[in-house]
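Here the structure is laid out as structure tokens; the discussion comes afterwards.
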Ligand code: SF4
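In this note's numbering, the protein residues as written are 2 to 99.
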């Protein structure tokens, strides 16, 4: 793939070059009872992979598939609302771009 081709790819296409190996359990979880906590709304804005969303009930949801393990959500929201760990060895993201 030429540099020019890579430059015109969108975010989703670039992330699609990475490979994700699923872990037994999600390595990032919203703590029980915290889905409506205002601190979580920051994750919707800052997650570079767009894995957080807010539903019509005002609850933040996380779909961990595609996590880049960057830790941005942990810094933005804090560990009182998020349980954040790296995946088990051998699982998680394998970067294919860059
Ligand atoms: Fe998103 Fe990074 Fe948090 Fe993964 S670690 S959910 S990519 S902000």
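Each residue gets a CB set at the ideal place from its N, CA and C atoms; glycine is no exception.
- For residue 53, the beta-bridge partners assigned by DSSP are 63.
- Residue 47 carries a helical assignment under DSSP once its states are collapsed to helix, strand and coil.
- If you draw a straight line from the Cα of residue 18 to the Cα of residue 88, it is about 19 Å long.
- Per the DSSP secondary-structure output, residue 96 pairs with nothing in a beta bridge.
- Short of 8 Å from the beta carbon of residue 21, and not among the five residues preceding or following it, lie these beta carbons of its own chain, in chain order: 66, 67, 68, 93, 94, 95.
- For a cut-off of 8 Å, the C-beta gap from residue 36 to residue 78 is around 12 Å, too long to register as a contact.
- Around the beta carbon of residue 47, a 10 Å sphere encloses fewer than 16 other beta carbons of the protein chains shown; the residue is thus reported as exposed.
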